[in-house]
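This report refers to the structure that appears directly beneath it.
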Amino acid sequence: MTLTLALPTGRIFEETSELLLSRGVKLPPAVRAGRRLRIEADPFTLVLAKDRDVPTYVEHGVADAGIVGVDVLSESRPDVFEPLDLGIGACRMVVARPSSRPAGFYRDLSVVRVATKYPAVTTRFFHGRGIPVEVIPLAGSVELAPVLGLADCIVDLVQTGATLAANGLEVDEVLFESTARLIVNRASFRLKTEALRGLVRRLEGEREA
Amino acid sequence: MTRRSLLEIPSGVQCFLGDEARRRREIERVAAEVFRGWSYEEIVLPLFDFDDVFTRGGGASSTDGTYRFIGRDGEVMALRADFTALAAKVVVSRLSRRKLPLRLFYSGEVLRYQPPRAGRREELFQIGLEHLGASGVEADVEAILVATEALSKLGIDDAVFTLGHVGFALDLLAGVDDPDERASALEALRRRDRDGLRRIVGTGAPDLTALTGGAEVLEHVRRSAGSGDALSRLEHIVSALAALGLEQRIRLDLSEVRDFDYYTGLVFEMHAPGSGLELGGGGRYDSLLGRFGREMPAVGFYLSLDRVSELLAKRGVSSPEAGASTVRSLGEALKARKQGKRVVVEP
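Chains Y and G, in that order, give the protein sequences. Mapping of the first sequence onto this note's numbering: residues 1331 to 1539, in sequence order. Mapping of the second sequence onto this note's numbering: residues 2 to 348, in sequence order.
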């Protein structure tokens, strides 16, 4: 039975294709060319999607499964199954503050202005601690916001911290660790159980051995 | 403030036209006919009630996003967010002298405010039934049989029923007493997040993907976890369904808990190829009626009119109007109508 698999073309694309390759799934050249967005790669039909769109395709069931980071899942909270932590694409979701300010300085502000690509994650975090927050949604280069005085701090995904340091920022607190997950549509899990279990086993590889 | 156009619609509002409107009526008609065929009696439930009917009755998870308003006497009211709690209230208050088991069905919309996401509209059309007063396996099996027939009569012969039992999950969480941890564990279970579950209940947590599949799942679990009450109940149900020729339609998923916290036993979901969303679901809720003052075992399910209709549309089922004869006057129209013809008057 053919499975439709949504692959993220963004941040974790390289690690995803390496993982697939190591599990014996070689992506056809057309995937890297990046023009065609639906590609047959027996036994899979691959759908190339923006990272944030992967959960959407899977939740609606137009893709049976997909690979996506916890950062994206935490933001959009799709109603899907998450049977496998793939362990790749590791990074941290953090609150970062200007290095000139003391740790947790924002607690003393009446309202903390936070620039982020993750408004839902940000709101949940600050409101969960009883701190009023003004979210400033940005599409990228979030580190710029404190430099320009647009925000007091940022919530963003950090891998090495080099970009933070280059913009005079440092990690104030880690919200959660993010790795890539295999996500599965709820109906597909029932209708294509064997094929999907095969996929889970295959992707687990030696991790479980 | 800019003046809003009279044409603007609030989010969540729907309107069905043409083929879609006809198909939906047809689905309701066919399902109702099947339910009546099994001697389920229709009840028409109120569109709103006191809020606590849903919160205290249905449980917290069923009332996320309830549309609430303040009634004339200052009480908090809610638009119905769930039929089962309303039906339970009516059974305890109005139908308490009826002979058991009681078989009831209803159809209509429930309303839940929710952010737009796959298949989650704010106005959800459901057709559902409740079988009340019987605790036996027969009632569970009857509910599934009725659902199978309803889907078949609607032209969905390939629906798959996935069965589980909440007792299995409850056993798994038996040692988790902290309410926050318990909620996280349930969420991990709901997401089939094995690693997340193991972080909470320990490495003894089963491989959740091994808990779904055919009848071999029961065998697998009996060997690894021993046979608890939940397991033997489920085995009874599965073998009864197999004896009735439904083996091919049944799958098992022992990690299924569903969203409503009133389920106490069997839970099931219906899916069919071509739809990425559940067509319906249900289960046994033996403690819900007790919340309204009278202990009574019960089992029931709902079918999603929205998703069944969507699937039928995808499969090319249309509901065309019968042809009409054109008449020139209202007099001619009357004559044609007396003969039962469909007419269109074009003077």
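We treat Cβ as the ideally placed atom computed from N, Cα and C, and that holds for glycine.
Inset, instruction - Determine whether the Cβ of Arg193(G) lies closer than 8 Å to any Cβ atom of chain Y. - result: Within the second sequence, residue 193(G) is the residue found at index 192, counting from 1. At least one chain Y Cβ lies under 8 Å of Arg193(G).
Inset, instruction - Starting from Ser1508(Y), find everything on chain G with Cβ-Cβ shorter than 9 Å and list it in chain order. - result: Reading the first sequence from its first residue, position 178 is the one you call residue 1508(Y). Within chain G, no residue comes near Ser1508(Y); the closest Cβ sits about 13 Å away, beyond 9 Å.
Legend entry - Three-way DSSP call (helix, strand, coil) for Leu219(G) in this model: Taking the second sequence and counting its residues from 1, the one referred to as residue 219(G) is at position 218. In this structure, DSSP gives Leu219(G) a helical state, which the three-state scheme calls helix.
Inset, instruction - Buried or exposed for Arg1520(Y), please, with buried defined as at least 16 other CB atoms from any protein chain shown within 10 angstroms of its CB. - result: On the first sequence, residue 1520(Y) is found 190 positions in, with the first residue counted as 1. Arg1520(Y) comes out buried.
Inset, instruction - List the residues of chain G that Phe1411(Y) touches, going by C-beta distances under 7 Å, in chain order. - result: Here the question's residue 1411(Y) lines up with position 81 in the first sequence. By Cβ distance, chain G contributes Arg192 and Arg193.
Inset, instruction - Please go through the region 12-74 of chain G and give each complete alpha helix (DSSP H) segment of 4 or more residues, from N-terminal end onward. - result: Runs found: 19-38.
Inset, instruction - Determine, using beta carbons only, whether Ala206(G) and Arg192(G) come nearer to each other than 8 Å. - result: In the second sequence, the residue the question calls residue 206(G) occupies position 205. In the second sequence, the residue the question calls residue 192(G) occupies position 191. Contact flag unset, no.
Inset, instruction - Can you give me the Cβ contacts of Thr265(G) inside the same chain, cut-off strictly under 7 Å, excluding the 5 residues immediately before and after it? - result: Counted from its first residue, the second sequence places residue 265(G) at position 264. Excluding sequence neighbours, Thr265(G) sits near Val167, Arg285, Tyr286, Asp287 and Ser288.
Legend entry - For Leu1378(Y), the nearest candidate out of Arg1532(Y), Pro1408(Y), Val1402(Y) and Ser1347(Y) (CA to CA): Translated into positions along the first sequence, residue 1378(Y) becomes position 48. For Leu1378(Y), the nearest C-alpha among the options comes from Ser1347(Y).
Inset, instruction - Could you tell me whether the region 255-271 of chain G touches the region 227-247 of chain G, using the rule of 3 or more Cβ pairs below 8 Å? - result: Counting Cβ pairs under 8 Å, three or more are found: they touch.
Legend entry - Segment contact flag, the region 1424-1432 of chain Y with the region 1478-1491 of chain Y, C-beta cutoff 8 Å, min 3 pairs: Contact check between the region 1424-1432 of chain Y and the region 1478-1491 of chain Y: three or more CB pairs, one atom from each, fall below 8 Å, which counts as touching.
Inset, instruction - Within 10 angstroms of the Cβ of Thr67(G), are there 16 or more other Cβ atoms? Answer buried if so, exposed if not. - result: The residue given as residue 67(G) occupies position 66 in the second sequence. It counts as buried.
Inset, instruction - Would you grab the beta carbon distance between Thr1453(Y) and Asp1486(Y) for me? Rounded to a whole angstrom, and I think it's under 8 Å. - result: Here residue 1453(Y) corresponds to residue number 123 of the first sequence, with the count starting at 1. Here residue 1486(Y) corresponds to residue number 156 of the first sequence, with the count starting at 1. In fact, because the Cβ distance is near 15 Å, the residues do not count as touching under 8 Å.
Inset, instruction - Quick one: give me the first and last residue of the alpha helix (DSSP H) that Ser153(G) is part of. - result: Against the second sequence, residue 153(G) aligns to sequence position 152. Per DSSP, Ser153(G) is one residue of the alpha helix (DSSP H) stretching across Val138 to Lys154.
Inset, instruction - Kindly examine the ligand ZN and report whether one of its heavy atoms sits closer than 7 Å to the Cβ of Ala82(G). - result: The ligand ZN is not among the ligands present in this structure, which contains no ligands whatsoever.
Inset, instruction - Indicate whether the contact test is met: 3 or more Cβ pairs, each with one atom in the region 1520-1530 of chain Y and one in the region 209-224 of chain G, closer than 8 Å. - result: At 8 Å Cβ cutoff, the stretches touch.
Inset, instruction - Let me know if Ser1352(Y) comes out buried or exposed under the rule of 16 or more other beta-carbons within 10 Å of its beta-carbon. - result: Residue mapping note: residue 1352(Y) aligns to position 22 of the first sequence, counting from 1. When all chains shown are included, Ser1352(Y) counts as exposed.
Legend entry - Terminal residues of the alpha helix (DSSP H) in which Val92(G) lies: The residue given as residue 92(G) occupies position 91 in the second sequence. Element bounds for Val92(G): Phe84 to Arg95.
Inset, instruction - Would you mind telling me which residues of chain G sit closer than 8 Å to Ser1518(Y), beta carbon to beta carbon, in chain order? - result: Here residue 1518(Y) refers to the residue found at position 188 of the first sequence. Those are Gly277, listed as they occur along chain G.
Legend entry - Closest Cα partner of Arg259(G) within the set Arg250(G), Leu164(G) and Gly203(G): By one-based count along the second sequence, residue 259(G) stands at place 258. Nearest in C-alpha terms to Arg259(G), of all of Arg250(G), Leu164(G) and Gly203(G), is Leu164(G).
Legend entry - At least three beta-carbon pairs within less than 8 Å, the region 292-311 of chain G to the region 175-192 of chain G: Taking 8 Å as the limit for Cβ pairs, the verdict is that the region 175-192 of chain G does not touch the region 292-311 of chain G.
Inset, instruction - Starting from the N-terminal side, write out each stretch of the beta strand (DSSP E) that is 3 residues or longer and does not extend beyond the region 1378-1414 of chain Y. - result: Counting only runs of 3 or more, we get 1395-1399.
Legend entry - Contact set between Gly66(G) and chain Y, taken where Cβ atoms lie within less than 9 Å: For this step, residue 66(G) is matched to residue 65 along the second sequence. Within 9 Å Cβ-Cβ: nothing; Gly66(G) doesn't reach chain Y, min ~14 Å.
Inset, instruction - Report the residues of the region 1387-1416 of chain Y with a CB closer than 8 Å to any CB of chain G, ordered along the chain. - result: Result list: Glu1389, His1390, Gly1391, Val1392, Pro1408, Asp1409, Val1410, Phe1411, Glu1412, Pro1413, Leu1414 and Asp1415.
Legend entry - Segment contact, 8 Å Cβ cut-off, at least three pairs: the region 28-36 of chain G with the region 151-163 of chain G: These segments touch.
Inset, instruction - Ignore the nearest five residues each way along the sequence and tell me which others in Gly1391(Y)'s own chain have a CB closer than 7 Å to its CB. - result: Your numbering for residue 1391(Y) matches position 61 in the first sequence. The beta carbon of Gly1391(Y) is closer than 7 Å to those of Asn1515, Ala1517 and Ser1518 in its chain, skipping five residues each way along the sequence.
Legend entry - DSSP beta-bridge partners of Ile251(G): Translated into positions along the second sequence, residue 251(G) becomes position 250. Residue pairing by DSSP puts Ile251(G) in a beta bridge opposite Phe162(G).
Inset, instruction - For Met1331(Y), count neighbouring C-beta atoms within 10 Å of its own C-beta (all shown protein chains included) and say buried if the count is 16 or more, exposed if not. - result: As a working mapping, residue 1331(Y) is identified with position 1 in the first sequence. Met1331(Y) is exposed by the Cβ-count criterion.
Inset, instruction - Tell me whether the beta-carbon of Gly301(G) lies closer than 8 Å to the beta-carbon of Ala148(G). - result: As a position in the second sequence, residue 301(G) is number 300, starting the count at 1. As a position in the second sequence, residue 148(G) is number 147, starting the count at 1. Ala148(G) is positioned such that its CB atom lies no closer than 8 Å to that of Gly301(G).
Inset, instruction - Look at the Cβ atom of Phe106(G), then the Cβ atom of Glu43(G), and state whether they are nearer than 8 Å. - result: By one-based count along the second sequence, residue 106(G) stands at place 105. By one-based count along the second sequence, residue 43(G) stands at place 42. Going by beta carbons, Phe106(G) and Glu43(G) fall inside the 8 Å limit.
Legend entry - Within chain G, the residues that Val1530(Y) reaches when beta carbons sit closer than 8 Å: As a position in the first sequence, residue 1530(Y) is number 200, starting the count at 1. Within chain G, the residues near Val1530(Y) are Thr210.
Inset, instruction - Could you give the DSSP three-state label for Pro180(G): helix, strand or coil? - result: Counting from 1 along the second sequence, the entry for residue 180(G) is found at position 179. Pro180(G): helix per DSSP, three-state reduction.
Legend entry - Test: Asp178(G) CB closer than 8 Å to a CB of chain Y: Your numbering for residue 178(G) matches position 177 in the second sequence. No, Asp178(G) does not count as interfacial toward chain Y.
Legend entry - Any C-beta of chain Y under 8 Å from that of His272(G): Working through the second sequence from its first residue, we reach residue 272(G) at position 271. Yes, because at least one Cβ of chain Y sits closer than 8 Å to the Cβ of His272(G).
Inset, instruction - Using a Cβ cut-off of 7 Å, pull out every chain Y residue sitting near Arg252(G), in sequence order please. - result: Numbered from its first residue, the second sequence carries residue 252(G) at position 251. Taking the beta carbon of Arg252(G) as reference, the chain Y residues within 7 Å of it are Arg1520 and Thr1523, listed in sequence order.
Inset, instruction - Note down, one range per segment and in chain order, each alpha helix (DSSP H) of at least 4 residues found wholly within the region 255-336 of chain G. - result: Note on the region 255-336 of chain G: whole alpha helix (DSSP H) runs with a minimum of 4 residues are 289-292 and 306-315, in chain order.
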